[in-house]
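Asks:
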Amino acid sequence: MSPAPSKKSVKTVNDSDIKFFVLDTNVLLHDPTSLFRFEEHDICLPMFVLEELDNKKKGMTEVARNARQASRFLDEIVSDAPHKIEEGIALDSAAHKNCTGRLFLQTSFIKHELPQHLELGKADNAILGVVIGMQKLYPKRSVILVSKDINMRI
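In terms of our numbering, the sequence shown has 318 at position 131, counting the first letter as 1, and numbering is strictly consecutive.
1) For a test of your reading of the model: does the CB of G246 fall under 8 Å from any non-hydrogen atom of the ligand NAD? Yes or no.
2) Distance, Cα to Cα, E263 vs S203?
3) Would you say L179 and V318 are within 9 Å of each other, going by their C-beta atoms?
4) Classify A313 as helix, strand or coil using the three-state DSSP reduction.
5) In the DSSP assignment, find the unbroken beta strand (DSSP E) run with F207 in it and report its ends.
6) How close, in whole Å, do the beta carbons of Q322 and C231 come, if the pair is a contact with beta carbons under 8 Å?
7) Going straight from the alpha carbon of K349 to that of V209, what length do you get?
8) On the three-state DSSP scale, how would you describe L278?
9) Identify, in the order they occur along the chain, each residue of the same chain with its Cβ nearer than 6 Å to the Cβ of D241, setting aside the five sequence neighbours on each side.
10) Relative to the C-alpha of A251, which candidate in A282, I272, L215, Y325 has its C-alpha closest?
11) Starting from R289, follow the alpha helix (DSSP H) in both directions and report where the run begins and ends.
12) Would DSSP call I341 helix, strand or coil?
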């Protein structure tokens, strides 16, 4: 007689355990499917990331193809979304059942204070500002910047 199959434990997650991952453009340009790799955690895309994706999608390079694919994924996610996208858009779908987090698009200005030596007009600084602003908006949650840019991570 073989042993009974074990039941997988159901993972319970508190809101404070769910992290916010703020993605830099280069993450999506490297791997457009990274949108779906954060499991139960939430993702935030700053407005600058969407603008940079849009600027990179022309051409036949791998970067351009990945920018187009990331844009298609975002379009699919948003087109299935309810009207209140400020509350986050569910990332789970038939193709991505393990992804139970939500996508947050920067739909309004997030008030933040950057250190004085950082210029506001630069995309990297604006993304850092979103991270700082989200840390203030959601003090009980971890807000983590995800970037392939070494200097940005420093």
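All residues carry an ideal CB built from backbone N, CA and C; glycine is no exception. Values in this document were obtained by computation on a predicted structure and should not be read as measured data.
Replies: So, to answer that:
1) The ligand content of the structure shown is nil, which means the ligand NAD is not present either.
2) 28 Å
3) Nothing in the structure corresponds to residue 179, since the chain is present only between 188 and 341.
4) helix
5) 207–210
6) 11 Å between Cβ atoms; not a contact.
7) Outside the displayed span of the chain (188 to 341) sits residue 349, for which this structure offers no information.
8) coil
9) none
10) L215
11) Not the alpha helix (DSSP H): R289 falls in the beta strand (DSSP E), residues 289–292.
12) coil
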